[in-house]
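Quick notes on the structure that follows.
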């Protein structure tokens with residue numbers, strides 16, 4: 009299990025309204041995209057950036073190596 013923590017800055021009502029109006033939060037788990045406009049509200053993370061985006065690539069790679077799964 010890979011755990012990641014995302015810290016958000018305090019947002020004003022105006023910032024929240026602007027973010028919602030941008031349409032970015034819709035269709036995303038947690039209503040933000042760290043790789044998009046939502047990343048401007050994140051001063052720090054702990055853990056895996058790729059895990060926050062959806063799949064912890066490093067950890068998956070280690071599991072594949074452990075299972076001796078050939079990769080091309």
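In this note's numbering, the protein residues as written are 9 to 80. Ideal Cβ placement from N, Cα and C applies to all residues, glycine included. If you're wondering where the values come from, they're calculated on a predicted model, not measured in any experiment.
Here's a check: name, in chain order, each residue in its chain whose Cβ is nearer than 6 Å to the Cβ of residue i, leaving out the five neighbours to either side.
i          : result
residue 46 : 40
If residue i sits next to residue j, beta carbons under 8 Å apart, how far is it from one beta carbon to the other, in whole angstroms?
i          : j          : result
residue 10 : residue 54 : With a Cβ gap of about 11 Å, residue 10 and residue 54 do not count as contacting.
residue 58 : residue 64 : 6 Å
List the residues that DSSP assigns as beta-bridge partners of residue i.
i          : result
residue 13 : 54
How long is the line joining the alpha carbons of residue i and residue j, rounded to whole angstroms?
i          : j          : result
residue 36 : residue 71 : 27 Å
residue 68 : residue 44 : 24 Å
residue 27 : residue 49 : 10 Å
residue 6  : residue 73 : Look at the range of the chain in this structure, 9 to 80, and you will see that residue 6 is not part of it.
residue 32 : residue 38 : 11 Å
residue 24 : residue 34 : 13 Å
residue 29 : residue 75 : 45 Å
Go through its chain and collect everything with a Cβ distance to residue i's Cβ below 8 Å, but skip five positions before and after it.
i          : result
residue 42 : 14, 50, 53, 57, 60, 61
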